[in-house]
Amino acid sequence: MPAWAQLRIGQPSGFTGSVSAGVKENTEGAKLYLDAVNARGGVNGQKIELISVDDQFDPKRTVEMAGELITKQKVLALFLNRGTPHAQALLPLLAEHKLPLVGPSTGAMALHTPVNPWVFNVRATYQREAAKAIEHLASIGMTRIAVLQTDDSFGADSAAGAQKGFEKVGQKPLLLEKFPRDKPEFAALGQQVTQQKAQAVMVIGSAGNTANAVKAIRAAGSRAQIVTLSNNASEGFIKLLGEHAHGVIVTQVFPNERSLTYPLIREAQTLAKAKGMEGVSPAMIEGFAAAKVLVEGLRRAGPNPTSEGLRDALEGLQNFNIGGLSVSYGPDNHTGLDFADLSIVDASGRFRR
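Counting from 1, position 94 in the sequence shown corresponds to residue 94 in full-length UniProt numbering; the numbering is continuous, with no gaps.
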């Protein structure tokens with residue numbers, strides 16, 4: 001059996017569907033680092049093989065694809081899957097096969113508390129981002145803030161964070177409305193936002209749905225400040241917004257992708273340029289950071305790692321420096337990073353801090 005088969009990593013994620021833009025950028029970022037590691041001879045002399053499969057952003061398919069990756073492809077770990085309901089659907093599988101999930105691309109609180117022994121988060125929670133965004137809006141004098149949320153576990157979780165922000169600044173949401181994840185109709189919600197004279201609207205949803213909500217809000221005549229979360233921190237999301245991109249606030253869970261004071265960003269930029277890319281996006285940085293944590297876990301797990309050995313190695317990470325940010329885990333904390341910041345899309349269609 002060839003040695004490389006021992007470092008197989010499975011990634012079931014939404015390469016098609018409403019989140020595909022961000023998923024592709026997450027994966028490009030992860031590959032930037034994994035390819036560089038493999039070019040240097042891999043980890044403990046073995047190359048890492050990332051097996052990415054499309055779950056079409058359907059939690060049922062996520063579980064089916066992950067089951068095949070574990071039983072047929074014999075992957076050591078699952079990695080960088082997208083979506084809150086999707087990650088939650090994987091939890092029984094992780095426990096059954098005693099296999100870690102590293103760097104899920106979601107900030108769901110359910111993956112942080114209670115601590116799941118098999119889940120290793122690399123990014124801050126959506127609740128932290130949502131609260132920070134509401135506090136920012138209040139700090140610039142906004143009192144009429146509407147919240148539109150997707151009617152699923154991601155929406156409920158993020159809205160709970162927004163609620164914490166409202167409580168902290170002594171406000172209540174102007175309106176709080178839910179929309180279905182599949183085939184939402186935004187025209188009526190856009191009218192409501194306009195009629196109630198919202199100064200700002202937080203839209204909690206996938207990139208495709210958020211872009212459509214923004215178009216409906218603008219079509220209804222509202223000039224409200226739009227805010228959304230880091231699940232939409234992709235260049236693909238900016239493209240979906242088109243003419244409505246300028247001025248949209250997007251929360252971020254990693255440093256500015258052009259901030260070369262961070263070694264993490266400098267390293268990602270250098271590797272991207274070597275591959276002929278123009279630069280990196282926030283979604284690519286998320287994948288890049290997750291890959292750094294995964295590789296360090298594999299390195300510490302030794303030359304013949306098992307899934308359980310990788311889990312133990314990850315849990316032993318203390319103040320691991322991924323390039324200006326440090327990641328720590330322990331039996332009672334699998335959060336990884338707590339970094340949260342705000343960015344705004346500028347006139348040239350780029351994220352600015």
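Beta carbons: idealized from backbone N, C-alpha and C, even for Gly.
What does the alpha-carbon distance come out to for the pair residue 176 and residue 327? Walking along the sequence shown from the start, residue 176 turns up at place 176. Walking along the sequence shown from the start, residue 327 turns up at place 327. One C-alpha to the other measures close to 35 angstroms.
Return the residue from the list 39, 180, 139 and 123 that minimises the CA-CA distance to residue 285. Against the sequence shown, residue 285 aligns to sequence position 285. If we check each option's Cα against that of residue 285, 123 comes out closest.
Runs of alpha helix (DSSP H) wholly within the segment 281 to 339 (minimum 4 residues, chain order): 282 to 300 and 307 to 315
Would you grab the beta carbon distance between residue 121 and residue 251 for me? Rounded to a whole angstrom, and I think it's under 8 angstroms. Here residue 121 refers to the residue found at position 121 of the sequence shown. Here residue 251 refers to the residue found at position 251 of the sequence shown. Contact doesn't hold; Cβ gap of about 16 angstroms is too wide.
Among 218, 259 and 319, the one whose alpha carbon lies nearest that of residue 247: By one-based count along the sequence shown, residue 247 stands at place 247. Comparing C-alpha distances from residue 247 to each of 218, 259 and 319 shows the shortest one belongs to 218.
Spatially closest choice to residue 200 from 275, 147, 83 and 77, by CA coordinates: The sequence position of residue 200 within the sequence shown is 200, counting from 1. If we check each option's Cα against that of residue 200, 147 comes out closest.
Just how far apart, CA to CA, sit residue 312 and residue 115? By one-based count along the sequence shown, residue 312 stands at place 312. By one-based count along the sequence shown, residue 115 stands at place 115. Approximately 14 angstroms between the Cα atoms of the pair.
Once DSSP output is grouped into helix, strand and coil, what is the label at residue 134? Stepping through the sequence shown from its first residue, residue 134 is reached at position 134. Of the three classes helix, strand and coil, the one that applies to residue 134 here is helix, per DSSP.
Apart from the five residues on each side of it in sequence, which residues of its chain come closer than 7 angstroms, Cβ to Cβ, to residue 95? The count along the sequence shown starts at 1 and reaches residue 95 at position 95. Closer than 7 angstroms at the Cβ level, and outside the excluded window around residue 95, lie 118.
For residue 7 and residue 299, what's the separation of their Cα atoms in angstroms? Here residue 7 refers to the residue found at position 7 of the sequence shown. Here residue 299 refers to the residue found at position 299 of the sequence shown. When rounded, the distance between both Cα atoms is 11 angstroms.
Where the beta strand (DSSP E) containing residue 8 begins and where it ends: To locate residue 8, count along the sequence shown from 1; it is residue 8. In the DSSP assignment, residue 8 falls within the unbroken beta strand (DSSP E) covering 8 to 13.
Assuming residue 181 and residue 150 are in contact, meaning their beta carbons sit under 8 angstroms apart, how far apart are those beta carbons, in whole angstroms? Here the question's residue 181 lines up with position 181 in the sequence shown. Here the question's residue 150 lines up with position 150 in the sequence shown. With 8 angstroms as the limit, residue 181 and residue 150 qualify as a contact, their Cβ atoms being about 5 angstroms apart.
Which of the three DSSP states, helix, strand or coil, is assigned to residue 84? Position 84 of the sequence shown, counting from 1, holds the residue named residue 84. Of the three classes helix, strand and coil, the one that applies to residue 84 here is helix, per DSSP.
Please report how far the alpha carbon of residue 105 lies from the alpha carbon of residue 333, in whole angstroms. Position 105 of the sequence shown, counted from the first residue, corresponds to residue 105. Position 333 of the sequence shown, counted from the first residue, corresponds to residue 333. If I take the Cα positions, the gap works out to 18 angstroms.
Residue span of the alpha helix (DSSP H) that contains residue 35, given as start and end: In the sequence shown, residue 35 corresponds to position 35, counting from 1. Segment 20 to 39, the alpha helix (DSSP H) holding residue 35.
Is the CB-CB distance between residue 241 and residue 214 below 8 angstroms? As a first step, residue 241 is located in the sequence shown; it is residue number 241 there, counting from the start. As a first step, residue 214 is located in the sequence shown; it is residue number 214 there, counting from the start. Yes. Within cutoff.
Only counting runs of 4 or more residues, tell me where the alpha helix (DSSP H) segments fall wholly within the segment 47 to 106, in order along the chain. 59 to 71 and 84 to 97
By how many angstroms is the C-alpha of residue 346 removed from the C-alpha of residue 58? Position 58 of the sequence shown, counted from the first residue, corresponds to residue 58. Position 346 of the sequence shown, counted from the first residue, corresponds to residue 346. Distance between the alpha carbons of residue 58 and residue 346: 33 angstroms.
May I have the straight-line CA-CA distance separating residue 342 from residue 287, to the nearest angstrom? For the purposes of this step, residue 342 is taken as residue 342 along the sequence shown, with counting starting at 1. For the purposes of this step, residue 287 is taken as residue 287 along the sequence shown, with counting starting at 1. Approximately 19 angstroms between the Cα atoms of the pair.
Going by the CB atoms, is the gap between residue 310 and residue 103 shorter than 8 angstroms? Along the sequence shown, one-based indexing puts residue 103 at 103. Along the sequence shown, one-based indexing puts residue 310 at 310. For residue 103 and residue 310, no; Cβs fall outside 8 angstroms.
With DSSP collapsed to three states, give me the class of residue 196. Numbered from its first residue, the sequence shown carries residue 196 at position 196. Of the three classes helix, strand and coil, the one that applies to residue 196 here is coil, per DSSP.
Helix, strand or coil: how does DSSP classify residue 229 here? Residue numbering aside, residue 229 sits at position 229 when the sequence shown is read from its first letter. Here DSSP, grouped into helix, strand and coil, assigns residue 229 to coil.
For the putative contact between residue 56 and residue 17, defined by C-beta atoms under 8 angstroms, what is the C-beta separation to the nearest angstrom? Residue numbering aside, residue 56 sits at position 56 when the sequence shown is read from its first letter. Residue numbering aside, residue 17 sits at position 17 when the sequence shown is read from its first letter. Indeed they touch by this definition, with Cβ atoms about 5 angstroms apart.
Rounded to a whole number of angstroms, what is the C-alpha to C-alpha distance between residue 265 and residue 255? Taking the sequence shown and counting its residues from 1, one reaches residue 265 at position 265. Taking the sequence shown and counting its residues from 1, one reaches residue 255 at position 255. Their backbone Cα atoms lie some 8 angstroms apart in a straight line.
Residue 76: which of 138, 166, 204 and 50 sits nearest, CA to CA? Numbered from 1 along the sequence shown, position 76 holds the residue referred to as residue 76. Proximity to residue 76 across 138, 166, 204 and 50 peaks at 50, based on C-alpha coordinates.
By the 10 Å Cβ neighbour count, where 16 or more other Cβ atoms means buried, how is residue 125 classified, buried or exposed? Translated into the one-based positions of the sequence shown, residue 125 becomes position 125. Classification for residue 125: buried.
On a CA-only basis, which of 308, 305 and 297 is nearest residue 321? Give me that one, please. Within the sequence shown, the letter at position 321 stands for residue 321. Check the Cα spacing between residue 321 and each of 308, 305 and 297: the tightest is with 297.
CA-to-CA distance, residue 83 to residue 155, given in whole angstroms: Taking the sequence shown and counting its residues from 1, the one referred to as residue 155 is at position 155. Taking the sequence shown and counting its residues from 1, the one referred to as residue 83 is at position 83. Near 11 angstroms, if we compare the C-alpha coordinates of residue 83 and residue 155.
Check residue 235 in the structure and name its three-state DSSP category. Counting from one through the sequence shown, the residue named residue 235 turns up at place 235. The answer is helix: DSSP assigns residue 235 an H, G or I state.
Between the alpha carbons of residue 233 and residue 23, how many angstroms are there, rounded? Taking the sequence shown and counting its residues from 1, the one referred to as residue 233 is at position 233. Taking the sequence shown and counting its residues from 1, the one referred to as residue 23 is at position 23. Computed Cα separation, rounded: 11 angstroms.
So what's residue 157 in DSSP terms, helix, strand or just coil? Position 157 of the sequence shown, counting from 1, holds the residue named residue 157. In this structure, residue 157 counts as helix in the three-state DSSP scheme.
Buried versus exposed, by CB contacts within 10 Å (16 or more), residue 184: On the sequence shown, residue 184 is found 184 positions in, with the first residue counted as 1. When all chains shown are included, residue 184 counts as buried.
Beta strand (DSSP E) containing residue 122: first to last residue? Here the question's residue 122 lines up with position 122 in the sequence shown. Premise fails: residue 122 is in no beta strand (DSSP E) and is neither H nor E.
Going by DSSP in three states, residue 350 sits in which element: helix, strand or coil? For the purposes of this step, residue 350 is identified with residue 350 of the sequence shown, where counting begins at 1. DSSP places residue 350 in coil when its eight states are reduced to three.
Answer yes or no: do residue 159 and residue 204 have a C-beta to C-beta separation smaller than 8 angstroms? As a working mapping, residue 159 is identified with position 159 in the sequence shown. As a working mapping, residue 204 is identified with position 204 in the sequence shown. For residue 159 and residue 204, yes; Cβs fall inside 8 angstroms.
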